[in-house]
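Participant:
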């Protein structure tokens, strides 16, 4: 595919340092404290420099890393909310909370989870032999959300936080594209994540009497979704990633 | 068909939205569009007027920003009118300085959560005004001339042409506008210059506005139809991002957001003119 190299992180990431603040705000928006991750998670956190490939391929691999995480998060979340199971990347038995399929969080976890798997599979196919999921250490990566320790509220909170982060992650990745060849597809995925985020925010607010914003309010960044740079996103995502 | 069955029937609602997004555009025009600009010429110095008929700008990027501003002006104005309608004001009243000035006075029209629905209508009205002002300022800051509101104004019409005074009907009339906005940004971003870091940041900002419109579309869709699918939905005229075909996504209809070519959107705009 593309063989151009991207600019160094020093020159590219710096203009986005102000977005780190947005990411910090995002973590604070999570009203629920999540349990500590397993000790085996990747540490120090992954950086964009470690994502395989160059040019546009590197950006697509970054997107694939996030979609793989989201896809497995939805699998584990659905297991946790409903009847449990072990068909997840972590290979552990998740104990179900026994919620009915007609509950709104269950229904949309099922629906949006299928879409996230489709995003992941689309990127795997688009990348072919360049897929990061084929090369070490990512080929053996697992996702640990400590799902068995999460309450219903914490599960939905996590889905909201990760989808919301995904929206900003795609935006922060756009300047790393060398060409705009994949802009349309990236935008098509990004808006889909935005739609998911809005719906999950609403469901969360209704179920738990919370006030997560559906979209950025008019007085915050002109009512426009924030960009979050890849290294900031990967730092947040790394707490769920177990390599090798 | 009366308005309540229209609004409760997802099939006819879909047909209506398709009509709104492609208002006035026949099959022949759609076929014509299939053969024109697809974003590959974004780095040329020639302003692709064929892709943005009637939209001014000194560069392609500026034309795209004015195209986006044209839509935001319309959205902000129709939201202002929708909010006036939902709060018992004259449609001509300006947007209040503060959102707390507004209280719902019309019936929810059977919505399960009318207070939340009203709060979003109110908040999004201010968001669209912020988008409009942001784009106006951005174009001015780069030395360009932003497009402005039509002096004669815009029509806030109801789905079935009736007076439609309840909140459900008001939101159902706003939804096609938001859905068109999402598709318009996505279909236009590829025309913007993509060379320097500044170019790319501007493209990212345009895509960032696009995702807020996607959020609005999704939640309004959900409020109107709480057991439906608020993900991307294929409407007549839509193109899919994977191969630019005028067809539903694979493997599922809701896998990716759809987009519209700029001429399709521009052709639909006069329907809103007074």
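Chains as they are written, first to last, in my numbering: chain A, 1 to 244; chain B, 245 to 518. Backbone N, C-alpha and C define an ideal beta-carbon position, used for all residues, glycine too.
(1) Could you list which residues in chain B have their beta carbon closer than 8 Å to that of residue 184 of chain A, in chain order?
(2) Would DSSP call residue 206 of chain A helix, strand or coil?
(3) Using 8 Å as the threshold, is the stretch 49-61 of chain A in touch with the stretch 125-145 of chain A, meaning 3 or more CB pairs across them?
(4) Per DSSP, residue 242 of chain A forms a beta bridge with which residues?
(5) Any idea if residue 182 of chain A is buried or exposed, counting beta-carbon neighbours within 10 angstroms, 16 or more meaning buried?
(6) Which term fits residue 76 of chain A, buried or exposed, when burial requires 16 or more other beta carbons within 10 angstroms of its beta carbon?
(7) Based on the DSSP output, what are the partners of residue 394 of chain B in its beta bridges?
(8) If we ignore side chains and look at the alpha-carbon of each, how far apart do residue 469 of chain B and residue 420 of chain B end up?
(9) Which whole runs of the alpha helix (DSSP H) in the stretch 49-91 of chain A are 4 residues long or more, in chain order?
(10) Comparing C-alpha positions only, which one of B:434, B:427, B:299 and B:307 sits nearest to residue 478 of chain B?
(11) Can you tell me which of the three DSSP states residue 483 of chain B falls into?
(12) Please determine, among B:339, B:359, B:383 and B:360, the residue with the shortest C-alpha to C-alpha distance to residue 369 of chain B.
(13) Flag residue 105 of chain A as yes if its beta-carbon sits less than 8 Å from any beta-carbon of chain B, otherwise no.
(14) Where does the unbroken alpha helix (DSSP H) through residue 151 of chain A begin, and where does it stop?
(15) Quick check on this structure: which residue in A:65, A:226 and A:51 has the alpha carbon closest to the alpha carbon of residue 142 of chain A?
(16) Near residue 310 of chain B, which residues of its chain fall below 7 Å by C-beta distance, leaving aside the five closest residues on each side in sequence?
(17) Taking all protein chains shown into account, do 16 or more other C-beta atoms lie within 10 angstroms of the C-beta of residue 395 of chain B, making it buried, or fewer, making it exposed?
(18) Determine the extent of the alpha helix (DSSP H) in which residue 300 of chain B is found, giving its start and end residues.
(19) How long is the line joining the alpha carbons of residue 356 of chain B and residue 304 of chain B, rounded to whole angstroms?
(20) Relative to the C-alpha of residue 221 of chain A, which candidate in B:293, B:387, B:379 and B:320 has its C-alpha closest?
(21) Skipping 5 residues on each side, what residues in its chain have a beta carbon closer than 7 Å to that of residue 346 of chain B?
(22) Just the C-alpha distance for residue 115 of chain A and residue 337 of chain B, rounded to the nearest angstrom, thanks.
(23) For a test of the three-state rule: what should DSSP assign to residue 228 of chain A, helix, strand or coil?
(24) Look at the Cβ atom of residue 156 of chain A, then the Cβ atom of residue 94 of chain A, and state whether they are nearer than 8 Å.
(25) Leaving out five residues on either side along the sequence, give the residues of the same chain with a beta carbon under 6 Å from the beta carbon of residue 433 of chain B.
(26) Identify the residues that DSSP records as bridge partners of residue 317 of chain B: which are they?
(27) For residue 524 of chain B, count neighbouring C-beta atoms within 10 Å of its own C-beta (all shown protein chains included) and say buried if the count is 16 or more, exposed if not.
(28) For the alpha helix (DSSP H) holding residue 126 of chain A, just list the boundary residues, first then last.
(29) Given this structure, state the Cα-to-Cα distance separating residue 187 of chain A from residue 170 of chain A, to the nearest angstrom.
(30) Is the stretch 453-470 of chain B close to the stretch 188-199 of chain A, with three or more CB pairs under 8 Å?
(31) Beta carbon of residue 96 of chain A, beta carbon of residue 80 of chain A: below 8 Å?
(32) Within 8 Å (strictly less), CB to CB, does residue 67 of chain A reach chain B?
(33) Closest to residue 173 of chain A by C-alpha separation, out of B:410, B:417 and B:444, would be which residue?
(34) Does the separation of the CB atoms of residue 315 of chain B and residue 175 of chain A fall below 8 Å?
(35) Does at least one heavy atom of the ligand HEM sit under 7 Å from the Cβ of residue 323 of chain B?
(36) Cα separation between residue 42 of chain A and residue 321 of chain B?
Facilitator: In short:
(1) Against residue 184 of chain A, the close residues of chain B are 283, 430, 433, 434, 485, 488 and 503, in the order they occur along the chain (beta-carbon pairs closer than 8 Å).
(2) Residue 206 of chain A falls in the helix class under three-state DSSP.
(3) Touching, per the Cβ criterion.
(4) Paired residues: A:142.
(5) Under this definition residue 182 of chain A is a buried residue.
(6) That one is buried.
(7) None, per the DSSP bridge assignment.
(8) Their Cα atoms are separated by approximately 14 Å.
(9) Within the stretch 49-91 of chain A, the complete alpha helix (DSSP H) runs of at least 4 residues are 55-81.
(10) When only C-alpha atoms are compared, the closest one is B:427.
(11) Under the three-state reduction of DSSP, residue 483 of chain B is assigned to strand.
(12) Per the Cα distances, B:339.
(13) Closer than 8 Å: no.
(14) From DSSP, residue 151 of chain A is part of no alpha helix (DSSP H); its letter is neither H nor E.
(15) Checked all of A:65, A:226 and A:51; the closest Cα to residue 142 of chain A is A:65.
(16) Result list for residue 310 of chain B: 299, 300, 301, 383, 390 and 391, in chain order.
(17) Looking at its Cβ environment, which holds fewer than 16 other Cβ atoms inside 10 Å, residue 395 of chain B is exposed.
(18) Here residue 300 of chain B belongs to no alpha helix (DSSP H), and DSSP marks it neither H nor E.
(19) Cα to Cα, residue 356 of chain B sits roughly 45 Å from residue 304 of chain B.
(20) The option with the nearest alpha carbon to residue 221 of chain A is B:379.
(21) Excluding positions up to five away in sequence, the list reads 327, 331, 340 and 366.
(22) Near 42 Å, if we compare the C-alpha coordinates of residue 337 of chain B and residue 115 of chain A.
(23) Three-state result, residue 228 of chain A: coil.
(24) No, the pair does not count as a contact, with Cβ atoms beyond the cut-off.
(25) Once the five neighbours on either side are set aside, the close Cβ partners of residue 433 of chain B are 447, 450 and 451.
(26) Looking at the DSSP assignment, residue 317 of chain B forms no beta bridge with any residue, so it has no partner.
(27) Coverage of chain B is limited to positions 245 through 518, which leaves residue 524 of chain B absent and any answer about it impossible.
(28) DSSP places residue 126 of chain A inside the alpha helix (DSSP H), whose first and last residues are 104-127.
(29) When rounded, the distance between both Cα atoms is 8 Å.
(30) Contact holds: three or more Cβ-Cβ distances are below 8 Å.
(31) Note that the C-beta distance between residue 96 of chain A and residue 80 of chain A is below 8 Å.
(32) By this cut-off, residue 67 of chain A is not an interface position.
(33) In terms of Cα proximity to residue 173 of chain A, the closest of B:410, B:417 and B:444 is B:444.
(34) The answer is no: Cβ separation not under 8 Å.
(35) For the structure depicted, the ligand HEM is absent and the ligand set is empty, with no information on it obtainable.
(36) Cα to Cα, residue 42 of chain A sits roughly 50 Å from residue 321 of chain B.
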